[in-house]
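Protein chains in written order, with the working numbering: chain B, 2 to 507; chain U, 2 to 507; chain L, 2 to 507; chain G, 2 to 507. Positions of the beta carbon are idealized from the N, C-alpha and C atoms, including for glycine. Since the model is a prediction, treat every value here as computed from it, not as a measurement. Quick notes on the structure that follows.
Number of protein chains: 4
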Amino acid sequence: MADEDKSKKLWGGRFTADLAAPALDFTESIAADSRMIAEDIWGSQAHAIMLAHTQIISEEDLREILYWLEHARTEYGAGRLQLRPELEDVHMNVEVFVREGAGPEIGGRLHTARSRNDQVVTDARMHLRTRLLDIGEALAALQEVLLEQASQHTETVMPGYTHTQHAQPISAGFWLSAYASMFQRDQQRLAAAYERTNLCPLGAAAIAGTSFPIDRELTARLLGFDGLVPHALDAVGSRDFMAEALSALAILATNLSRLAEELVLFSTYEYGMLELPDAYASGSSIMPQKKNPCIAELTRARTGAVIGRLVQILTMLKAVPGGYNRDLQEDKPPLWDALDTVDGILRVFTPMLAGTSLNTERMEQLVGANFAAATELANFLVRERGLPFRTCHEIVGGLVATLISEGKTLDDYERVQQLLAEAGEELTVEEITQIVDPTACLHRQVSLGSTHPQQVGAIIENLQTAVAEIRQQLTAARNQIKHARHHTDDIIQHVLASSPLSECEM
Amino acid sequence: MADEDKSKKLWGGRFTADLAAPALDFTESIAADSRMIAEDIWGSQAHAIMLAHTQIISEEDLREILYWLEHARTEYGAGRLQLRPELEDVHMNVEVFVREGAGPEIGGRLHTARSRNDQVVTDARMHLRTRLLDIGEALAALQEVLLEQASQHTETVMPGYTHTQHAQPISAGFWLSAYASMFQRDQQRLAAAYERTNLCPLGAAAIAGTSFPIDRELTARLLGFDGLVPHALDAVGSRDFMAEALSALAILATNLSRLAEELVLFSTYEYGMLELPDAYASGSSIMPQKKNPCIAELTRARTGAVIGRLVQILTMLKAVPGGYNRDLQEDKPPLWDALDTVDGILRVFTPMLAGTSLNTERMEQLVGANFAAATELANFLVRERGLPFRTCHEIVGGLVATLISEGKTLDDYERVQQLLAEAGEELTVEEITQIVDPTACLHRQVSLGSTHPQQVGAIIENLQTAVAEIRQQLTAARNQIKHARHHTDDIIQHVLASSPLSECEM
Amino acid sequence: MADEDKSKKLWGGRFTADLAAPALDFTESIAADSRMIAEDIWGSQAHAIMLAHTQIISEEDLREILYWLEHARTEYGAGRLQLRPELEDVHMNVEVFVREGAGPEIGGRLHTARSRNDQVVTDARMHLRTRLLDIGEALAALQEVLLEQASQHTETVMPGYTHTQHAQPISAGFWLSAYASMFQRDQQRLAAAYERTNLCPLGAAAIAGTSFPIDRELTARLLGFDGLVPHALDAVGSRDFMAEALSALAILATNLSRLAEELVLFSTYEYGMLELPDAYASGSSIMPQKKNPCIAELTRARTGAVIGRLVQILTMLKAVPGGYNRDLQEDKPPLWDALDTVDGILRVFTPMLAGTSLNTERMEQLVGANFAAATELANFLVRERGLPFRTCHEIVGGLVATLISEGKTLDDYERVQQLLAEAGEELTVEEITQIVDPTACLHRQVSLGSTHPQQVGAIIENLQTAVAEIRQQLTAARNQIKHARHHTDDIIQHVLASSPLSECEM
Amino acid sequence: MADEDKSKKLWGGRFTADLAAPALDFTESIAADSRMIAEDIWGSQAHAIMLAHTQIISEEDLREILYWLEHARTEYGAGRLQLRPELEDVHMNVEVFVREGAGPEIGGRLHTARSRNDQVVTDARMHLRTRLLDIGEALAALQEVLLEQASQHTETVMPGYTHTQHAQPISAGFWLSAYASMFQRDQQRLAAAYERTNLCPLGAAAIAGTSFPIDRELTARLLGFDGLVPHALDAVGSRDFMAEALSALAILATNLSRLAEELVLFSTYEYGMLELPDAYASGSSIMPQKKNPCIAELTRARTGAVIGRLVQILTMLKAVPGGYNRDLQEDKPPLWDALDTVDGILRVFTPMLAGTSLNTERMEQLVGANFAAATELANFLVRERGLPFRTCHEIVGGLVATLISEGKTLDDYERVQQLLAEAGEELTVEEITQIVDPTACLHRQVSLGSTHPQQVGAIIENLQTAVAEIRQQLTAARNQIKHARHHTDDIIQHVLASSPLSECEM
């Protein structure tokens with residue numbers, strides 16, 4: 002668009018001055034919109050087909066419009082479609098492309114019975130749904146690696162921590178599968194966000210619907226949506242579905258940050274329980290011995306980015322009047338950024354974890370070193386000697402205090418025997434040995450969901466099934482979108498071949 | 002608890018010094034816990050019944066424990082149970098109540114096969130689920146008022162706004178029902194949060210499960226849960242269900258803030274489109290003519306509180322190692338506060354809206370005053386004269402610019418006719434009158450979900466049905482909880498009457 | 002760097018596998034670093050000069066190093082320096098440029114006695130300080146426009162609002178100058194952030210300082226810093242100065258959002274008190290009569306972005322261990338983004354406000370229409386009739402209620418006279434006229450800082466002086482940086498001319 | 002206040018219905034206001050004195066008003082003043098107390114020339130300033146403990162960490178003093194927030210100033226303020242000073258959370274470098290051997306609370322129109338809560354740190370165990386052998402890799418010698434021993450601010466001086482407030498003794 006032509010822009014009618022260049026820079030949304038070019042073209046194709054199907058435009062006009070939209074799509078696919086910032090957004094870019102091709106007379110009919118208000122949120126929903134599927138799949142891959150690693154370590158003992166202090170012996174498989182279990186709820190939240198995303202607002206027009214006899218359900222079907230957002234004012238003015246997606250991402254990011262924190266911790270020299278793969282760790286420019294868990298550190302840090310993006314959209318929405326306001330344009334930058342961030346984390350976490358090796362010797366050494374089995378000793382007294390739990394707790398607590406002051410551990414079986422005897426409880430050394438043995442500890446935890454190898458095995462299996470089901474749902478959702486795209490393609494080819502629209506299944 | 006007794010506290014065994022008084026103040030959670038007394042007692046009752054049912058404790062011990070738990074419940078119901086801060090939390094308070102009553106021997110058995118780690122999150126889930134139901138019901142009541150008001154105004158014209166500028170004529174019913182439509186998604190999010198809340202972690206013990214042969218499913222059933230959180234480490238260490246509930250509340254609050262903003266705006270002198278009820282507005286100490294929309298203003302402001310609370314829990318969770326850490330204690334203050342805030346807003350919003358009267362004359366006056374029907378004129382030219390949309394847009398844009406410069410509006414039919422003629426389009430005054438009449442405008446919007454009175458009527462009906470369904474689900478959830486409580490009561494009465502536990506259905 | 006060469010990267014020594022490509026993508030910081038190329042080169046130049054001055058490297062090595070650094074600077078200035086992502090960050094890019102030019106023997110000496118840890122935070126401080134000066138200046142320009150506009154309207158009456166309701170007559174100059182007054186505190190916060198930013202961490206090395214006898218004060222001086230961050234561990238590990246800058250920006254953004262909100266409000270059809278310039282407003286694609294305050298709307302919305310970025314950095318810093326962690330790399334993206342956002346707002350706000358015209362007739366009309374002078378009537382009774390304030394409040398409150406019910410205003414002087422008489426207070430119509438006249442109201446507010454034209458005039462003058470002082474400080478800070486750059490340049494030219502370093506003033 | 006009296010409330014004049022009970026609950030601010038009773042009374046006393054001094058009220062009226070205000074103050078001091086929620090806020094409570102005592106005629110004059118709008122922000126500023134001084138002092142105490150501990154450990158070696166990996170030997174004194182250094186910037190931010198807080202808005206009245214000839218500077222002086230907020234509209238409508246205080250608190254909290262994180266880490270079994278005092282740690286109900294760093298954990302967690310509160314106030318302020326809106330009432334809850342939280346942390350951190358003992362043996366053991374001195378070896382080669390840094394880095398990196406693969410450390414001097422020789426560098430075992438000795442490492446770091454004991458000693462001294470200066474400033478600020486209170490008291494006693502006001506110095 003030439004400079005002298007600027008005042009002729011779309012809404013120039015009543016304006017006596019052009020938009021100032023800095024104002025154009027400030028208000029354009031090309032960067033965020035550039036992700037939605039494919040969606041915008043598809044949306045226009047479906048809209049045009051519907052306009053012809055409802056006889057609002059002629060089949061000749063449709064053919065011309067579809068010709069130029071397909072051309073735009075090809076150009077875009079070949080990386081040759083440049084969005085022009087002076088046209089403000091992706092919608093005007095695509096429309097102007099058609100108008101310049103088909104001429105203003107015919108091209109000008111494409112925008113009948115729609116508005117940029119319903120277009121932009123349609124495009125955004127189409128783009129978001131795909132990204133949610135991507136993230137669901139990337140998360141499933143991470144869960145699969147966690148469960149695979151976990152299944153190899155249901156008998157590998159390590160200290161279970163609370164307050165970052167040794168609490169009880171657990172298995173490494175139990176530890177790893179806990180994250181797969183957490184992430185399953187993230188999958189559910191992503192699916193819930195998807196459900197409220199994949200609904201079609203197109204046809205709401207500016208805010209009030211339109212006086213043209215459009216068929217909103219047809220457009221929705223052609224675009225692969227699960228249904229409509231019926232209320233026109235709600236359809237163009239609401240962004241809570243985006244805030245929900247961002248919430249799901251922020252919660253997922255905090256869950257990831259907890260795993261990241263444990264990876265940092267457990268790979269320190271002091272813990273030494275695991276070693277990250279060289280291909281997913283960094284060194285230092287001045288300290289040659291360093292092997293830095295940079296991916297885990299950056300994951301921790303980028304959690305802040307996702308939380309910040311959630312705050313951004315919620316603050317943006319706070320006290321904005323209903324209906325469409327320009328404020329809503331600021332919905333996409335935080336959303337795209339958060340999607341990229343979480344997607345990026347998942348894509349490196351999966352191979353990093355797959356390549357991480359557990360130092361099972363160090364794990365075993367630590368589990369015996371610091372009284373992790375003390376609870377078991379107390380439980381034994383409750384179970385076998387019939388003492389109240391609180392009494393046993395006091396006996397064992399005193400015993401531990403004495404051992405610490407003597408520089409001993411629970412592996413000093415004779416001393417333990419002696420101290421128990423002093424507290425009135427006679428146990429054999431064999432009993433004590435068996436009680437405090439970490440592997441025996443695992444095997445004694447019989448309750449559902451406990452660290453017992455069988456329980457962990459069952460949980461792993463259940464989670465594997467659940468992840469497989471999620472994968473099926475994600476695939477089904479992808480297929481629905483793909484089929485809708487093919488359906489639209491078939492109609493386009495039919496029309497471009499000058500065949501009557503009435504022959505097409507709609 | 003006497004001062005000299007402090008070192009005898011529960012975990013005193015290995016400690017040589019008492020917890021300093023400021024440290025106790027810093028770490029106790031009595032204020033947040035005091036909301037969960039009923040839940041903690043119920044949880045202990047169910048746990049004790051299960052322990053006896055699985056023969057981990059005797060029926061005699063059960064009877065004594067249940068006696069004192071019921072006593073605690075009665076004391077609490079009568080407002081006579083004071084939590085003692087030196088006991089740190091609600092769990093120790095209830096347990097010590099039982100131990101002081103039943104003696105340490107028997108009372109000490111209550112804590113068998115559980116930990117404060119699984120107790121606290123069980124209590125919190127039980128409390129949260131009830132509050133989510135409360136909020137769901139309060140929101141349904143607000144939706145019902147909105148829909149009732151909307152149903153009376155499907156023919157009341159008002160300006161539809163975009164960018165806070167007049168856009169198109171809509172009906173007040175269309176405007177009001179848009180919020181009921183938005184809130185329906187909030188209902189869905191609350192229900193989703195409920196689903197992930199109402200699962201039982203009890204039996205996870207500290208982190209690893211327990212060596213006692215407990216029956217987790219029985220406890221879950223007695224407490225009215227829908228199922229378990231099976232993985233023990235996940236069960237005690239995860240708080241994402243709380244973050245999800247807070248997200249749902251934060252999004253609901255932003256939706257409410259948008260309605261609040263419009264109430265403030267539309268009740269200004271300048272807009273004058275509605276009047277708040279005196280009983281829900283405030284005056285000024287120095288300016289007697291003021292009628293201030295304080296409830297709407299505070300709602301806007303308190304949205305910040307809810308968003309801040311969401312940030313609080315997400316930041317708290319960021320990079321906390323898995324399993325239980327004391328950090329997690331800080332989950333409840335933000336959650337309770339956000340629940341109170343949103344609940345408080347809903348409870349005043351519903352009567353305030355019910356008492357709000359629309360100034361339909363002012364609405365009608367405004368809708369005609371500022372070219373809201375200009376789109377309709379453009380659409381007429383497209384539809385009836387077959388011109389491309391963009392051309393019509395330019396014609397009408399120029400026409401509006403001229404009218405503004407002349408201080409005229411679209412109601413100056415002759416001038417409009419003249420200007421259209423100059424642009425090459427001949428219309429009769431009757432046609433113009435009909436096109437720009439706001440009520441006629443409403444009736445021309447034929448698309449699904451539009452502002453047409455029939456469409457709005459249909460949307461209102463659909464939403465009323467949807468709200469009724471939500472109400473049914475909420476009632477069903479409440480009943481499940483109530484029945485579980487009754488079931489527990491029946492067993493307690495049975496046991497207290499010294500009848501054998503085996504006679505009870507479990 | 003060729004692909005086979007990757008394992009030779011800086012810290013490759015102990016690594017047996019190359020960094021995986023996705024891991025490199027995940028960890029590189031080229032995008033955020035690309036803003037700091039000039040700073041990184043300058044930092045290296047100053048460091049190299051200091052190394053030679055302290056005889057840690059030879060003057061010959063210095064000459065070679067400076068030659069290549071100047072070359073890099075020229076390439077960068079000409080837009081020909083492309084950062085290579087496989088080199089991870091800007092520091093390695095610049096250093097490798099020198100090493101490739103000067104050879105590994107000499108080029109390898111540049112990194113003596115420094116680390117990327119102190120380099121990155123030095124670069125960031127240098128870049129941030131400049132951006133803070135930019136924003137200070139852009140804000141001063143906005144204040145100047147506000148004060149200029151205000152000075153023209155010290156006698157222009159408009160309603161003063163509280164709760165978005167008419168409260169008292171004020172002048173438009175009073176209204177506009179309030180924002181200039183608020184922004185003055187933002188200037189102070191920006192200046193405080195600058196103070197804590199412009200301190201030099203270079204020489205802290207990795208975390209512990211260095212065993213080379215460096216001269217940290219010389220480097221700081223050459224780089225235009227005001228002083229040092231002495232403690233090495235603090236110097237490399239702290240980012241609170243960035244959080245402070247982001248806080249200052251977030252608060253400034255909220256202040257701007259309040260002005261934006263009033264611009265949106267006052268430019269509605271209903272208020273009609275001001276008109277935005279066409280060059281800073283947008284139209285609608287479907288509604289030709291619209292003139293949308295998009296810049297103000299986007300400003301409102303982007304406040305959320307800045308708040309979100311503040312949350313991001315605070316969350317990132319939460320619970321990160323002291324010293325350097327990779328997490329800290331995530332400091333710059335939020336900072337740069339927030340600086341851009343606020344800078345962008347200021348750059349459009351100033352011309353937009355300069356072009357905004359007040360509709361003084363509408364202002365005057367509104368101020369008389371809704372009892373804004375009621376307080377004045379009450380104050381008259383207090384002052385002249387000696388009644389207690391609360392009694393007068395009740396009299397006037399009742400009078401207003403009656404007038405509203407009769408559809409009258411305070412301009413119905415006879416009715417007002419009559420109602421006052423009924424309440425026991427006899428006033429002449431002349432007295433009443435004078436009391437409720439808006440202009441007379443302004444002139445009666447005699448207190449310091451009131452809306453009285455003289456008071457507003459005095460405030461405007463004081464603020465103009467204060468803004469001029471800020472401008473001087475900003476200029477002085479800029480000059481200090483500029484002189485330091487020139488000083489460095491002079492030394493470089495001297496050295497490149499093979500003259501001895503000892504001749505240079507340091 | 003009897004129920005039938007409610008419609009007579011202050012602003013009842015034009016209202017036909019009482020405020021509904023839930024609306025009153027929703028809008029009252031008694032809880033947050035109850036902290037400002039002393040300030041509100043003092044503010045009223047100063048205001049009344051000023052009114053009499055400027056002859057707006059008589060000295061007789063002043064005497065009566067002061068009598069009842071002093072009475073209120075005594076009642077409050079004795080814990081007998083109960084705020085009545087039906088009076089909405091603290092201002093009405095105090096005023097009604099005076100009116101009920103002095104009668105409506107005289108009591109009603111107290112509110113002359115002021116509004117609740119300027120009162121509330123005056124009270125809040127007075128309360129906030131005191132809390133900022135409290136926190137400054139508590140932080141100074143923490144810094145003093147850190148510096149005291151640091152001064153005892155300038156020669157105690159420990160590993161310096163980056164990426165939670167061993168980087169270089171540092172001293173424990175260096176580590177601890179880094180936090181004292183960070184906190185010094187927090188002191189500066191608190192002081193900056195104080196500066197913008199301690200300014201007097203009283204006299205701004207509702208928004209526009211007043212027609213009474215008040216003396217704002219006198220009131221400000223009597224209340225101990227440093228100056229005025231001159232612009233009336235800005236004075237009542239701005240809360241950025243609160244957002245600034247909250248920012249300073251949030252940044253301080255994140256700095257504290259970093260120290261907390263290191264305390265958690267270093268007190269684990271695995272690190273074992275420090276032991277928290279029993280009086281500031283907790284045990285476990287089920288695991289007797291635990292000693293949990295609960296205070297550090299809760300500090301980490303509560304950082305989220307403070308960040309959340311900052312988000313709350315920023316979101317509240319976002320897009321609120323200028324001047325006073327009821328939204329601003331929501332400023333105090335987050336502010337008070339954040340002040341309490343940070344104050345609480347500081348009050349336990351100081352004694353906890355004072356009682357923490359360092360395990361210097363473990364520190365020494367760790368520093369030698371994992372190549373922390375590798376950088377030093379590289380630096381030696383640069384310094385003494387004249388090799389480029391990058392070359393040395395490669396040599397040492399390879400050497401470390403070999404040692405790791407052989408299960409050796411740098412303490413295997415012969416092997417190190419051998420490997421260096423293979424790389425072409427001949428060193429004696431004595432040289433190597435000296436280079437890698439951790440204590441020798443400390444002593445070699447000669448740069449300003451390094452971990453060298455003398456450097457650390459100098460930094461500690463400088464920081465002690467700086468903290469002492471902060472203490473002096475805090476004391477001076479406290480004294481100014483105390484003197485102003487005494488000055489007001491003297492005038493009150495003088496007036497109550499029926500002596501003429503003109504005899505008082507003002």
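Is E262/B helix, strand or coil by DSSP? Along the first sequence, one-based indexing puts residue 262/B at 261. In the structure shown, E262/B sits in a helix (DSSP, three-state: H, G or I).
Could you check if K483/B is buried or exposed, using at least 16 other CB atoms within 10 Å of its CB as the buried criterion? Start at 1 with the first residue of the first sequence, and residue 483/B comes out as number 482. It is exposed - the Cβ of K483/B has fewer than 16 other Cβ atoms within 10 Å.
Looking at the C-beta of V496/U, does it have a partner C-beta in chain G at a distance below 8 angstroms? Here residue 496/U is taken as the residue at index 495 of the second sequence, counted from 1. Not one chain G Cβ lies under 8 angstroms of V496/U.
How is M2/U classed by DSSP in three states: helix, strand or coil? Residue 2/U sits at position 1 when you count from the first residue of the second sequence. Annotation note: pLDDT 29 at M2/U (below 50); position unreliable, no value reported.
Beta-carbon neighbours of N293/B, restricted to chain G and to distances below 9 angstroms: The sequence position of residue 293/B within the first sequence is 292, counting from 1. Under the 9 angstroms cutoff, chain G gives T163, H164, T165 and Q166.
Considering just the uninterrupted stretch of the beta strand (DSSP E) at S172/B, what are its terminal residues? Numbered from 1 along the first sequence, position 171 holds the residue referred to as residue 172/B. Unbroken beta strand (DSSP E) run through S172/B: Q166 to S172.
Proximal residues to I31/L (C-beta, below 6 angstroms), its chain only, five neighbours per side dropped: Within the third sequence, residue 31/L is the residue found at index 30, counting from 1. Excluding sequence neighbours, I31/L sits near L84 and P86.
Suppose the cutoff is 7 angstroms on Cβ atoms and the five residues either side in sequence are ignored; what does the same chain contact list for Y281/B look like? Walking along the first sequence from the start, residue 281/B turns up at place 280. Closer than 7 angstroms at the Cβ level, and outside the excluded window around Y281/B, lie I296, V349, P352, M353 and G356.
Using DSSP with H/G/I as helix, E/B as strand and the rest coil, what is Y272/L? Taking the first residue of the third sequence as 1, we reach residue 272/L at position 271. The answer is coil: DSSP assigns Y272/L none of H, G, I, E or B.
Close Cβ partners of D119/G (< 7 angstroms) along its chain, the five nearest in sequence each way excluded: In the fourth sequence, counting from the first residue as 1, residue 119/G sits at position 118. These residues qualify, in order along the chain: P202, L203, G204, A205, A206, A236 and V237.
Shortest alpha-carbon distance to T452/G belongs to which of T157/G, N326/G, D26/G and L129/G? As a first step, residue 452/G is located in the fourth sequence; it is residue number 451 there, counting from the start. Cα-wise, what sits closest to T452/G is T157/G.
Extent of the continuous alpha helix (DSSP H) to which V447/G belongs: For the purposes of this step, residue 447/G is taken as residue 446 along the fourth sequence, with counting starting at 1. From DSSP, V447/G is part of no alpha helix (DSSP H); its letter is neither H nor E.
Taking only the alpha-carbon atoms, compute the straight-line gap between I250/L and A339/L and give it to the nearest angstrom. Counting from 1 along the third sequence, the entry for residue 250/L is found at position 249. Counting from 1 along the third sequence, the entry for residue 339/L is found at position 338. For clarity, residue 250/L is Leu in the given sequence; the question names Ile instead. Between L250/L and A339/L, the C-alpha separation is close to 7 angstroms.
Can you give me the C-alpha to C-alpha distance between A508/U and S283/G, rounded to a whole angstrom? This structure leaves residue 508/U out entirely; chain U is present only between 2 and 507.
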